[in-house]
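Have a look at the structure below before the remarks.
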Amino acid sequence: MKVVEIILLLFLMACSLSVFLCRNLLVAAILFMANSLIMSIIWVILQSPDLAVTEAAVGAGVTGILLFITLYKVNGLRGEDSE
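The numbers in the sequence shown follow UniProt numbering, run straight up by one, and end at 83.
The structure is reproduced here in structure tokens:
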């Protein structure tokens with residue numbers, strides 16, 4: 001089980017660093033959602049299912065939807081400015 005935990009922690013660090021360094025906002029939003037999903041898996045392994053469900057619902061679900069709506073609005077505003 002320790003190997004799985006170490007692999008998940010490495011993936012979590014890679015996702016976090018990738019979100020920070022990514023220039024493409026869509027890819028950064030997807031990586032942020034992946035970061036939340038990996039964190040919720042870690043919470044399940046740590047035997048805390050309430051935190052896992054909260055992390056998955058808020059971190060990946062609600063925040064992901066808000067990020068995608070924001071990206072849609074920003075791209076829509078850019079399209080109006082360029083015309």
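No residue lacks a Cβ here, since even glycine has one placed at the ideal position from N, Cα and C.
In the displayed model, C15 falls within a helix according to three-state DSSP. In the displayed model, S48 falls within coil according to three-state DSSP, outside both helix and strand.
Contact between L37 and A14 fails: their C-beta atoms lie close to 14 Å from each other, not under 8 Å.
Out of A34, A57, C22 and A52, the CA that lies nearest to the CA of L10 is found in A34. M39 sits in a helix when the DSSP states are folded into three classes. Of the candidates L51, K73, M39 and I6, M39 places its Cα closest to the Cα of S16. Contact annotation: the stretch 41-51 does not touch the stretch 62-77, with fewer than three C-beta pairs closer than 8 Å. Under the three-state reduction of DSSP, M33 is assigned to helix.
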